[in-house]
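Below: the structure, in structure tokens.
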Amino acid sequence: MQRVYNFAAGPSALPLPVLEQVQKELLNWNGMGASVLEISHRSRQFTSVVEETIAMIKSLYQISDDYEVLFIQGGGHTQFAMVPLNLCAGQCGAYALNGVWSRKAFKEAQKIAQAKEATSVELRVPRQDEIDVSGASYFYYCSNETVNGIQYHYTPDVGIDMVCDMSSEFMSRPIDVNRYGLIFAGAQKNFGPAGVSIVIVRKDLLDKASSTVPSMLDYKTYAGSLSMYNTPPTFAIYVAHLVAKWLIDEGGVAEMERRSIIKSNLLYDIIDSSNGFYFNQVEKQSRSRMNVVFNLENKALEERFIQEAEAENLRYLKGHRILGGMRASIYNAVSIEAVEKLAEFMKKFATRYA
Ligand SMILES: *Cc1c(COP(=O)(O)O)cnc(C)c1O
269 MQRVYNFAAG
279 PSALPLPVLE
289 QVQKELLNWN
299 GMGASVLEIS
309 HRSRQFTSVV
319 EETIAMIKSL
329 YQISDDYEVL
339 FIQGGGHTQF
349 AMVPLNLCAG
359 QCGAYALNGV
369 WSRKAFKEAQ
379 KIAQAKEATS
389 VELRVPRQDE
399 IDVSGASYFY
409 YCSNETVNGI
419 QYHYTPDVGI
429 DMVCDMSSEF
439 MSRPIDVNRY
449 GLIFAGAQKN
459 FGPAGVSIVI
469 VRKDLLDKAS
479 STVPSMLDYK
489 TYAGSLSMYN
499 TPPTFAIYVA
509 HLVAKWLIDE
519 GGVAEMERRS
529 IIKSNLLYDI
539 IDSSNGFYFN
549 QVEKQSRSRM
559 NVVFNLENKA
569 LEERFIQEAE
579 AENLRYLKGH
589 RILGGMRASI
599 YNAVSIEAVE
609 KLAEFMKKFA
619 TRYA
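Per this note's numbering, numbering of the sequence shown is gapless, rising by one per residue and ending at 622.
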């Protein structure tokens, strides 16, 4: 069986060695004579997986003991609610709006508290001097807008706690966690299967939630229990554990950044040198290295582009339903070779139909 070149936006490609290990040890995990799917989350073997995953995340991002690493279900959308539920005692956050996910998070926060708009821009990230956080308890932004293909290439400096949705760029480059109050990421983009989100939160923020916040929506509940107040998504955490190991073996986040620069440049170079056959409307300094969004000048050719790409095993390139066009998601598990194949195809296609 041949595996396809997978450019899906999420759930998305996982490293092949990880999938192979899952397959190999599925029936008899860790010598237990049972699958990891079938054992207690409170077993010593499984609690070790949780502890090791936390330790690996801490080592990959060099996270100090001032922070907790939590595993929570409900995806990015649940974080859109948990952030204001936990951090809006009195004042609430100011949100930078520049794409689908930051806008959705803002809307959700407004249902819960008096969230404000810090800035609103299109097709780019805001500049530092466009961000207004006056009267806010935290500044919220989405570092990589997965649908729009827009990414921050600087860390804002706003003088108050920052909360960042890093779902689609988690572990793709080095970051300074100390600059943040809270970071969250759904695993299914760049760190594992759907079903678990990783939350990195500074410990002093854990006490801000009021006592009326339901236990399952209170970060404290997870921090005090190794994220096992109730049954955690054990299989998703187990796969994330293998992904973290793979990341360390491959050279960590600096190496992932090096590769993602190579991969994204391969595609943007073709788009930019195609004389408008392909185009990308995002401001150049704000282009995403994870989700390369593009259109064809001749819209009628887009369907053909998808079909011919599929015939070459280049899959899931259709853009998000609200934007149309094309999107190549080139997360950590997408090899340079896969992106070279896509680049080659794009060149050939442009020559044929220009
Ligand atoms: C996919 C995504 C989300 C939504 O995640 P769910 O797990 O589907 O709730 C939120 N933010 C970003 C940046 C995403 O890419």
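We put the beta carbon where it would ideally sit given N, CA and C, even for glycine.
{"Query": "Sub-8 Å separation of Leu226 and Leu474 beta-carbons", "Result": "Limits of the chain in this structure are 269 at one end and 622 at the other, which puts residue 226 out of reach."}
{"Query": "Residues near Met439 in its chain [Cβ-Cβ closer than 7 Å; skip 5 each side]", "Result": "Leu328, Asn458, Phe459, Leu515, Val521, Met524, Asn600"}
{"Query": "Residue burial classification, Lys384 (beta-carbon count within 10 angstroms, cutoff 16)", "Result": "buried"}
{"Query": "Identity of the residues DSSP links to Glu413 by a beta bridge", "Result": "Ile418"}
{"Query": "In DSSP terms, what Asp429 is bridged to", "Result": "Tyr406"}
{"Query": "Beta-carbon proximity of Ala455 to Met324, cut-off 8 Å", "Result": "no"}
{"Query": "The stretch 579-597 in contact with the stretch 554-571 per 3-pair CB rule at 8 Å", "Result": "yes"}
{"Query": "Stretch pair the stretch 486-504 + the stretch 359-367: three plus CB contacts closer than 8 Å", "Result": "no"}
{"Query": "Asn274 - DSSP class collapsed to helix/strand/coil", "Result": "strand"}
{"Query": "Inter-residue spacing [alpha-carbon to alpha-carbon] between Gly544 and Val550", "Result": "14 Å"}
{"Query": "Nearest-angstrom Cα separation, counted from Ala622 out to Gln419", "Result": "30 Å"}
{"Query": "Any non-hydrogen atom of ligand 1 within 7 Å of Gly403 CB", "Result": "no"}
{"Query": "Which listed residue (Ile604, Val507, Glu565) has its alpha carbon closest to that of Leu287", "Result": "Val507"}
{"Query": "Met594 - containing beta strand (DSSP E), residue span", "Result": "594-597"}
{"Query": "Contact the stretch 430-445 vs the stretch 388-399: 3+ CB pairs below 8 Å", "Result": "no"}
{"Query": "Distance CB(Asn581)-CB(Tyr335) smaller than 8 Å", "Result": "no"}
{"Query": "Beta-carbon separation (whole angstroms), Val415 vs Ile590, contact threshold 8 Å", "Result": "7 Å"}
{"Query": "Through-space distance from Lys375 to Leu391, alpha-carbon basis", "Result": "20 Å"}
{"Query": "Lys457: CB within 7 Å of a non-hydrogen atom of ligand 1", "Result": "yes"}
{"Query": "C-beta contact flag for Gln341 and Pro461 at 8 Å", "Result": "no"}
{"Query": "Residue range of the alpha helix (DSSP H) that includes Lys384", "Result": "Not the alpha helix (DSSP H): Lys384 falls in the beta strand (DSSP E), residues 384-388."}
{"Query": "Those runs of the beta strand (DSSP E) which lie wholly inside the stretch 453-501 and span at least 3 residues", "Result": "465-470"}
{"Query": "Distance cut-off 7 Å: Trp297 Cβ against heavy atoms of ligand 1", "Result": "no"}
{"Query": "Cβ neighbours of Cys432 in the same chain (closer than 8 Å, five flanking residues each side left out)", "Result": "Tyr408, Tyr409, Cys410, Ser411, Tyr448, Leu450, Ile451, Phe452"}
{"Query": "Pair within 8 Å by beta-carbon distance, Ala377 and Phe348", "Result": "yes"}
{"Query": "For Ser405, the nearest candidate out of Cys360, Ser370, Ser435, Ala618 (CA to CA)", "Result": "Cys360"}
{"Query": "His345: CB within 7 Å of a non-hydrogen atom of ligand 1", "Result": "yes"}
{"Query": "Nearest-angstrom Cβ-Cβ length linking Val607 and Leu535, presumed shorter than 8 Å", "Result": "7 Å"}
{"Query": "Residues that Leu582 bridges to, as DSSP identifies them", "Result": "Tyr273"}
{"Query": "Through-space distance from Asn298 to Asp537, alpha-carbon basis", "Result": "46 Å"}
{"Query": "Best match in Leu294, Asn354, Ala362 for proximity to Ser402 [C-alpha to C-alpha]", "Result": "Ala362"}
{"Query": "Gly417 to Gln575 span [Cα, whole Å]", "Result": "22 Å"}
{"Query": "Bridge-paired residues (DSSP) for Glu288", "Result": "For Glu288, which the question treats as bridged, DSSP gives no partner whatsoever."}
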